[in-house]
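Position in the sequence shown counted from 1, then plus 171, gives you the numbering used here. Each residue gets a CB set at the ideal place from its N, CA and C atoms; glycine is no exception. Following: one structure in structure tokens, then a few remarks.
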Amino acid sequence: MGILQGLKILDFSALLPGPMATMIFADLGADVIHVESSKRVDLTRIMPPYDEDHEAYIHQHLNRSKKSITLNLKSPEAIDIVKSLVQEYDVIIEGFRPGVMQRLGIGYEALKEINPKVIYCAITGYGQTGPYSNRPGHDNNYLSLAGLLDYSRHKDKKPVSMGVQLADIAGGTMHAAIGVLAAALHREKTGEGQFIDISMTDAVFSLNAMYGAAFIGGGRVPQPEQEILNGGSYYDFYKTKDGRFFSVGSLEPQFRKLLCEALDIPELIDNTFNDSYYTQIRFKEAVHDAFLSKTYEEWLEVFNEDFEGCVEPVLTFPEACEHPQLKARGMIVDIPKSDGTMQQQIASAFKFDGTEPEYKYVGAKLGEHNEEVLTALGYNDEQIASLREKGVLE
Numbered sequence: 172m173g174i175l176q177g178l179k180i181l182d183f184s185a186l187l188p189g190p191m192a193t194m195i196f197a198d199l200g201a202d203v204i205h206v207e208s209s210k211r212v213d214l215t216r217i218m219p220p221y222d223e224d225h226e227a228y229i230h231q232h233l234n235r236s237k238k239s240i241t242l243n244l245k246s247p248e249a250i251d252i253v254k255s256l257v258q259e260y261d262v263i264i265e266g267f268r269p270g271v272m273q274r275l276g277i278g279y280e281a282l283k284e285i286n287p288k289v290i291y292c293a294i295t296g297y298g299q300t301g302p303y304s305n306r307p308g309h310d311n312n313y314l315s316l317a318g319l320l321d322y323s324r325h326k327d328k329k330p331v332s333m334g335v336q337l338a339d340i341a342g343g344t345m346h347a348a349i350g351v352l353a354a355a356l357h358r359e360k361t362g363e364g365q366f367i368d369i370s371m372t373d374a375v376f377s378l379n380a381m382y383g384a385a386f387i388g389g390g391r392v393p394q395p396e397q398e399i400l401n402g403g404s405y406y407d408f409y410k411t412k413d414g415r416f417f418s419v420g421s422l423e424p425q426f427r428k429l430l431c432e433a434l435d436i437p438e439l440i441d442n443t444f445n446d447s448y449y450t451q452i453r454f455k456e457a458v459h460d461a462f463l464s465k466t467y468e469e470w471l472e473v474f475n476e477d478f479e480g481c482v483e484p485v486l487t488f489p490e491a492c493e494h495p496q497l498k499a500r501g502m503i504v505d506i507p508k509s510d511g512t513m514q515q516q517i518a519s520a521f522k523f524d525g526t527e528p529e530y531k532y533v534g535a536k537l538g539e540h541n542e543e544v545l546t547a548l549g550y551n552d553e554q555i556a557s558l559r560e561k562g563v564l565e
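Here it is in structure tokens:
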């Protein structure tokens, strides 16, 4: 039994932020219906690579354990179906631009009339208000406007396009998930629903917790490769003799001492943050030169599982999949497919005492659960066939 059993969600979102949030909920036991369209295909459905049935692995991961129905939301009959579902599925997550759901007749105010307890979460790039509210954007745009990319780069170099979509996931997914759960707790106490306005730009702006706070409070403008944690100190990444990298996070004195001993630079053990900038740079250069003296494999012997100085290798993703820590934590799991075979996917990161995540099946085929969902609403075979002929079921 999932820890979120009883939470029923209609997911109108696509791409990454919303679907990943509802995947988290589904993993934890929530009942999720993904409302899709064959005319507006989710790009994650067509992003390679594909399995033998030409289903995208990315989509099968992000949409596991969810039911899929396909509705033409421009048809009155489809809107009636949504309104019927909202009487039971009382959490809505959507990622349209502001005003789209209202124009369709299924915005928050309309659904609130049907179910006053509805929790409605809208995830957008810039939020429901402000001059950019209807402006299109993507992850790198939100990070740019949030002010964190400028100091998250090397001096005189452009910002790096990250492999993980920080604004989408840390901004959209996680803030939406927290917002929905907070609203659900509020509803338990008061019986009231809630509208949740998640701006991915707002969310990543709030992630400027350290250097943003230093600027707003003390006027210090964060600079590229000048701060303690962005390359301005020896907290950084270092190349080995054969071109691999290690991360060094040995900030505290006891960890720095272990680092210096491991790198055979004991004369620099007393280096501190109170030393001059020149001394700091000298120490960083010494660390840099030391790492270049050995290969990746040789340094793995030095920084082995017994080393406690906060130094770790920069792994490839295949290496991370085989790392003993991640394997011990069960971070890759087998998910059932409709043909009875299993597909490996990244597991839920949540660990609860006595409650395991639920993995029912990989992401469903487009419209796979149309009949099941409509039958549960009371539609008979003839009515479902009529909806399909009219194009209500896309």
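Provide the residue span of the alpha helix (DSSP H) that contains residue i, from first to last.
i: Thr215; result: No alpha helix (DSSP H) contains Thr215, which DSSP labels as neither H nor E.
i: Ala348; result: 345-361
i: Glu553; result: 552-561
i: Ile250; result: 247-257
i: Gln496; result: 495-499
i: His232; result: 228-233
i: Pro489; result: 488-492
i: Glu543; result: 541-547
i: Phe426; result: 424-434
i: Ser418; result: Run containing Ser418: none in the alpha helix (DSSP H); it sits in the beta strand (DSSP E), 416-419.
First and last residue of the beta strand (DSSP E) that includes residue i?
i: Ser464; result: No beta strand (DSSP E) holds Ser464; DSSP gives it neither H nor E.
i: Leu181; result: 179-182
i: Met513; result: 513-517
i: Ser404; result: No beta strand (DSSP E) contains Ser404, which DSSP labels as neither H nor E.
i: Tyr291; result: 290-295
i: Thr241; result: 238-241
i: Asp368; result: 365-370
i: Asp202; result: 202-207
i: Ile263; result: 262-265
Going by alpha carbons, who is nearest to residue i out of the options?
i: Glu398; options: His540, Val335, Tyr448; result: Tyr448
i: Leu434; options: Thr450, Glu423, Gly414, Glu456; result: Glu456
i: Ala374; options: Leu400, Gln365, Asn401, Asp339; result: Asp339
i: Arg324; options: Ala185, Pro393, Ala197; result: Pro393
i: Thr466; options: Ala491, Asp510, Lys410, Val419; result: Lys410
i: Ile264; options: Ile290, Gln273, Leu244; result: Ile290
i: Ser304; options: Met272, Ile277, Arg268; result: Arg268
i: Lys329; options: Tyr297, Val335, Leu337, Leu319; result: Leu319
i: His357; options: Lys288, Gly389, Thr372, Arg306; result: Lys288
i: Asn311; options: Lys326, Tyr405, Ser332; result: Ser332
i: Asp532; options: Val203, His494, Arg427, Pro220; result: Reading off the sequence shown, one finds Tyr at residue 532, where the question assumed Asp. The residue with the shortest Cα to Cα distance from Tyr532 is Val203.
i: Ile506; options: Gln496, Ile517, Leu497, Ala499; result: Ile517
i: Ser184; options: Gly177, Val206, Leu178; result: Val206
i: Phe426; options: Glu468, Trp470, Phe474, Gly390; result: Phe474
i: His143; options: Arg559, Lys508, Tyr550; result: Coverage of the chain is limited to positions 172 through 565, which leaves residue 143 absent and any answer about it impossible.
i: His540; options: Glu396, Thr241, Met218; result: Thr241
i: Ser239; options: Asp510, Glu226, Phe462, Ser208; result: Ser208
i: Glu468; options: Lys561, Gly414, Gly177; result: Gly414
i: Val504; options: Ala347, Ala384, Gln515; result: Gln515
i: Asn401; options: Ala385, His459, Glu359, Tyr322; result: Tyr322
i: Met218; options: Gly383, Tyr228, Lys210; result: Tyr228
Got a sec? Which residues, its chain only, sit under 6 Å from residue i by beta carbon, not counting five neighbours each side?
i: Lys254; result: Ile285
i: Phe408; result: Phe416, Ser418
i: Ser519; result: Asp198, Pro528
i: Gly266; result: Ser184, Gly189, Ile294
i: Ala130; result: In the structure as shown, the chain begins at 172 and stops at 565. Residue 130 is therefore absent and cannot be evaluated.
Indicate whether residue i and residue j have their beta-carbon atoms separated by less than 8 Å.
i: Ser246; j: Val544; result: no
i: Pro489; j: Phe417; result: no
i: Thr526; j: Gly173; result: yes
i: Lys283; j: Gly364; result: yes
i: Gly343; j: Ile369; result: yes
i: Ile294; j: Pro188; result: yes
i: Asp182; j: Lys237; result: yes
i: Tyr530; j: Arg235; result: yes
i: Lys428; j: Ser464; result: no
i: Thr372; j: Leu316; result: yes
i: Lys536; j: Glu223; result: no
i: Glu396; j: Gly389; result: no
i: Leu256; j: Ile250; result: no
i: Leu178; j: Leu214; result: no
i: Lys561; j: Glu248; result: yes
i: Phe454; j: Tyr406; result: no
Going by beta carbon distance, what residues of the same chain come within less than 8 Å of residue i, once the five residues before and after it are set aside?
i: Ala341; result: Ala374, Val375, Leu378
Assuming residue i contacts residue j (C-beta within less than 8 Å), just tell me the rounded distance between them.
i: His230; j: Gly534; result: 5 Å
i: Leu296; j: Gly308; result: In the sequence under discussion, the amino acid at residue 296 is Gly, which differs from the Leu named in the question. Right, the Cβ-Cβ distance comes to about 4 Å (below 8 Å), so this counts as a contact.
i: Ser421; j: Cys481; result: 5 Å
i: Ile555; j: Glu542; result: 6 Å
i: Ile195; j: Val262; result: At roughly 13 Å, the Cβ-Cβ gap does not stay under 8 Å, so Ile195 and Val262 are not in contact.
i: Ala461; j: Ile436; result: 6 Å
For residue i, which residues of its own chain have a beta-carbon under 7 Å away from its beta-carbon, when the five flanking residues on both sides are left out?
i: Ala354; result: Ile290, Gln365, Ile367
i: Leu272; result: A small correction: the amino acid at residue 272 is Met; Leu does not occupy that position in the sequence shown. Glu265, Gly278.
i: Pro302; result: none
i: Phe523; result: Ile174
Output yes if chain C places a C-beta closer than 8 Å to the C-beta of residue i; else output no.
i: Ser208; result: Of the chains in the structure shown, none is chain C; there is only one protein chain.
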